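Structure record follows, encoded as structure tokens.
Residue numbers (the numbering used here), protein chains in the order written: chain P, 1 to 197; chain L, 198 to 411.
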């Protein structure tokens with residue numbers, strides 16, 4: 001290490017004392033004058049840009065919250081599979097299938113065990129018809145038909161969106177589709193998460 | 198009130214800022230609320246027709262008989278693999294099973310190293326086969342499982358499409374225990390195939406689910 005850095009410059013006396021700038025009487029006056037010159041207007045925090053960000057964020061969130069016709073609720077036992085499908089969901093009734101529950105339009109209809117409906121709840125040939133689900137779906141169809149009577153824009157199309165957990169066995173799926181088919185749902189859409197290969 | 202001309206110059210306009218605090222309160226509450234309740238996954242749907250049972254065939258007008266009988270391409274999913282069949286023609290690359298003989302699946306399962314990213318906290322399908330192994334826990338791990346041979350299925354479907362270009366329909370059947378994910382995987386393969394770049398060639402986009410085999 002060299003001692004050059006510690007050497008005192010020769011013109012030390014002509015330089016102003018740094019301490020004087022802020023603590024001395026002259027320094028105080030100078031500082032006051034400076035601050036008056038530079039911060040004349042706009043006191044307080046400037047939150048204009050923050051407000052801009054927040055407003056944009058709010059609009060974006062509100063838009064993304066309300067635009068999807070079919071909403072995917074988050075639940076630990078509801079994970080739809082990934083797929084490369086590109087079709088957009090349409091407004092329709094929904095049936096949600098998990099390993100533990102069957103829901104129609106987000107209302108619980110039937111609790112099941114390990115993806116299997118107990119035989120007491122089924123009827124018909126091969127136990128394909130799920131009775132509680134059938135009656136709820138029938139009420140839903142009647143509602144839609146009643147609305148369609150008065151509103152020409154909302155025709156009953158027989159469209160049903162099925163939101164299904166990836167683990168649900170095919171037996172439950174075919175039971176549900178059979179039941180829905182019996183109450184005149186004829187077109188089905190399976191909801192999937194985009195992102196497959 | 199009018200001001201004295203001498204005061205006009207010194208008149209300072211009251212530059213009162215808008216009181217934004219209530220608005221800020223509202224916004225800063227709404228944003229976390231919406232952020233939590235919004236699910237940031239992009240969703241899509243797969244169109245499926247119902248199995249033709251019950252009332253499905255109500256008032257369909259009688260179609261003229263097509264010159265060629267429909268192919269009725271069927272993909273059956275079992276926990277051993279895929280079985281392809283077609284009643285309307287001989288599928289290329291598949292030996293028709295002799296009468297009474299129950300051959301194995303057309304495309305059996307394969308051992309493959311796959312990434313665990315998609316199967317976090319579960320197994321890749323068919324789970325009835327893979328259940329004996331430990332679950333995928335690390336999203337970055339690459340592990341060997343017995344999985345469906347989707348690539349071979351895709352290749353076979355392309356050759357079938359080449360031979361029957363007018364066919365758009367595929368019937369998918371499955372064993373009762375086959376999970377939904379295996380079904381959508383097959384639907385992905387039958388719908389289209391990815392070509393160079395972003396182009397996709399449609400194969401058999403009309404899916405009919407068959408009530409299954411017992």
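All residues carry an ideal CB built from backbone N, CA and C; glycine is no exception. As the structure is a prediction and not an experimental result, all values here were calculated from the model.
- In the DSSP annotation of this structure, residue 361 of chain L is not part of any alpha helix (DSSP H), being labelled neither H nor E.
- For residue 226 of chain L, the number of other beta carbons within 10 angstroms of its own is below 16, and it is reported as exposed.
- Its Cα nearest to that of residue 305 of chain L, the residue L:343 stands out among L:319, L:343, L:217, L:243.
- Assignment of residue 123 of chain P by DSSP, reduced to helix, strand and coil, places it in the strand class.
- For the pair of segments examined, the segment 140-152 of chain P was found not to touch the segment 67-82 of chain P: the number of CB pairs separated by less than 8 Å stays below three.
- The residue among L:359, L:345, L:239 with its C-alpha nearest the C-alpha of residue 327 of chain L is L:345.
- Within chain P, 177, 178, 180, 181, 185, 186, 187, 188 have C-beta atoms less than 9 Å from the C-beta of residue 247 of chain L, given in sequence order.
- As the crow flies, the alpha-carbon of residue 376 of chain L is around 13 Å from that of residue 82 of chain P.
- Per DSSP, the continuous alpha helix (DSSP H) segment holding residue 66 of chain P begins and ends at 48-66.
- For the segment 93-107 of chain P, the set of positions with a beta-carbon nearer than 9 Å to some beta-carbon of chain L reads 97 in chain order.
- With fewer than 16 other CB atoms across the displayed protein chains lying within 10 angstroms of its CB, residue 391 of chain L is exposed.
- CA-to-CA, the gap between residue 60 of chain P and residue 67 of chain P works out to about 11 Å.
- In this structure, the CA atom of residue 277 of chain L is about 19 Å from the CA atom of residue 319 of chain L.
- Cβ-Cβ separation between residue 271 of chain L and residue 357 of chain L: approximately 11 Å, too far for a contact (criterion under 8 Å).
- Our two residues, residue 218 of chain L and residue 108 of chain P, have alpha carbons roughly 42 Å apart in a direct line.
- For residue 399 of chain L, the uninterrupted beta strand (DSSP E) segment begins and ends at 397-399.
- Looking from the CA of residue 384 of chain L, the closest CA among L:393, L:394, L:370, L:374 belongs to L:370.
- Spatial neighbours of residue 269 of chain L in its own chain (CB-CB distance under 7 Å, excluding positions within 5 residues in sequence) are listed in chain order as 283, 284, 285, 368.
- Residues 141, 158 of the same chain have their beta carbon placed closer than 7 Å to that of residue 184 of chain P, with the five preceding and five following residues left out of the count.
- Around residue 74 of chain P, the beta-carbon contacts reaching into chain L at under 8 Å are 236.
- By the neighbour-count criterion, in which 16 or more other beta carbons inside 10 Å mark a residue as buried, residue 85 of chain P falls on the buried side.
- Listed in chain order, the alpha helix (DSSP H) elements of length 4 or more contained wholly in the segment 317-355 of chain L are 324-327.
- Taking C-alpha positions only, residue 323 of chain L is separated from residue 102 of chain P by approximately 23 Å.
- Residue 92 of chain P carries a coil assignment under DSSP once its states are collapsed to helix, strand and coil.
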